[in-house]
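For the sequence shown, my numbering begins at 1 and goes up steadily by one.
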Amino acid sequence: MLSKSVMPRARRLAAIITTIRTAMTHRFNRNTPSTPLPLHHELHHAARFWPVEAAGFDGEDTLPALELGGVLVFVYLDPASGELRVSVDLDTVDQRLVRHDDPDETVPMHITVQGDTVFRA
1 MLSKSVMPRA RRLAAIITTI RTAMTHRFNR NTPSTPLPLH HELHHAARFW PVEAAGFDGE
61 DTLPALELGG VLVFVYLDPA SGELRVSVDL DTVDQRLVRH DDPDETVPMH ITVQGDTVFR
121 A
């Protein structure tokens with residue numbers, strides 16, 4: 001499926017970014033904070049936008065995506081209908097975002113359009 005074609009490339013890019021970040025930290029003697037950041041800060045700072053080119057443009061299967069906490073959000077124009085589509089892929093979600101007290105182990109979400117709630121779970 002689409003996410004399966006994007007994720008290996010996204011993970012490879014994430015590994016390259018981590019290697020560069022580690023090298024820069026050692027090169028300039030920057031110390032990492034001794035206290036861990038709150039989860040939302042950590043995930044917001046690690047968020048990535050994956051344009052079509054970064055995901056490996058193949059002409060049909062690749063879409064731009066935003067990744068936050070392992071969640072991929074695709075926003076794209078459907079060529080057949082002309083509709084703006086939003087797709088949320090939870091296959092690789094960071095387990096710290098999952099509600100483990102819920103029998104279905106859901107990820108809490110609140111989706112708004114123009115400030116109006118259209119989905120909440």
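Even glycine gets a Cβ: it sits at the ideal position worked out from N, Cα and C.
All values reported here derive from a predicted model rather than from experimental measurement.
Own chain residues within Cβ distance below 6 Å of residue i, not counting five before or after
i    : result
L97  : G69 and V107
S87  : F74
S118 : Checking the sequence shown, residue 118 turns out to be Val, not Ser. Only I111 meet the Cβ criterion.
D78  : R85
Selected residue, minimal CA-CA separation from residue i, among the options
i   : options                  : result
H45 : T62, R21 and R9          : R21
R48 : V118, V71, D101 and E105 : V71
T62 : A121, T117 and R9        : R9
T92 : P38, T19, E53 and L66    : L66
R11 : P38, F119, W50 and T117  : W50
For residue j and residue i, the rounded distance between their alpha carbons
i    : j    : result
H41  : E83  : 33 Å
M109 : Y76  : 20 Å
I16  : Q95  : 23 Å
E105 : D89  : 15 Å
L43  : D101 : 21 Å
V113 : R120 : 12 Å
L37  : S81  : 43 Å
R85  : G115 : 18 Å
R99  : T19  : 31 Å
P103 : T35  : 32 Å
Near the ligand GTP: residue i beta-carbon under 6 Å from a heavy atom
i    : result
Q114 : What this structure holds is no ligand at all, so the ligand GTP is not there to describe.
Cβ shell of residue i (< 8 Å), same chain only, five flanking positions each side left out
i   : result
P64 : F49, W50, P51, V52, A55, F74, V75 and Y76
Own chain, CB closer than 7 Å to residue i, minus 5 neighbours either side, in chain order
i   : result
L39 : R96
Which residue spans inside the segment 37 to 95 form an unbroken beta strand (DSSP E) run of at least 3? The qualifying runs are 48 to 50, 65 to 68, 71 to 77 and 84 to 89.
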